[in-house]
Amino acid sequence: MFDLQQHLRSIVGWDYDLLLTFSAKQALHYVAQRDVRLLITEATFIRHSDGSGAELARLVRDQAPETPVLLIHDEKHKPPTSPHIKYRLARHTPPDQACSLLRNILVPPDMASLSSSA
């Protein structure tokens, strides 16, 4: 997969913090402590004790219902369905399509119209 952090930076600029966590617990802590614009999670966690991306999405929605969740999933398996997951992205999505999705999520509509008219 392409470098997600690099593409996020190209979309939102350097005014945002990109936080990388290694556990669902740490992600929930960040959501509780910060204004998280987007939570990106894997469908399946390496550490199964952390649950799954769908479970993390549910917990995040309980704490911060306004935080959208983007689930990255493997194309070989059907992605989990959950009302708590607003966006899905297949792991091997071409970079231009992934950037388009991220831009649609992160750039407010009024700002998108300004950048497209330039």
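If you read the sequence shown in the numbering used here, its first letter stands for residue 39, the second for the next number, and so on. Just so it is clear, CB atoms sit at the ideal spot from N, CA and C, and this is done for glycine as well.
Where does His122 land, buried or exposed, given buried means 16+ other C-beta within 10 angstroms? In the sequence shown, counting from the first residue as 1, residue 122 sits at position 84. Flag for His122 reads buried.
Once you ignore the five residues that flank Leu66 on each side, which residues in its own chain have a CB closer than 8 Å to its CB? As a position in the sequence shown, residue 66 is number 28, starting the count at 1. These residues qualify, in order along the chain: Leu94, Leu97, Val98, Gln101.
From the DSSP output, in three-state form, read off Val98 for me. As a first step, residue 98 is located in the sequence shown; it is residue number 60 there, counting from the start. Three-state result, Val98: helix.
Report the rounded CA-to-CA distance for Arg75 versus Gly89, giving the unit in angstroms. To locate residue 75, count along the sequence shown from 1; it is residue 37. To locate residue 89, count along the sequence shown from 1; it is residue 51. Cα to Cα, the separation comes out at about 22 Å.
What does a CB cutoff of less than 7 Å around Ala128 pick up in its chain, not counting 5 residues either side in sequence? The residue you call residue 128 lines up with position 90 of the sequence shown. These residues qualify, in order along the chain: His111, Glu113.
Three-state secondary structure assigned by DSSP to Ala128: Here residue 128 refers to the residue found at position 90 of the sequence shown. It is a strand residue.
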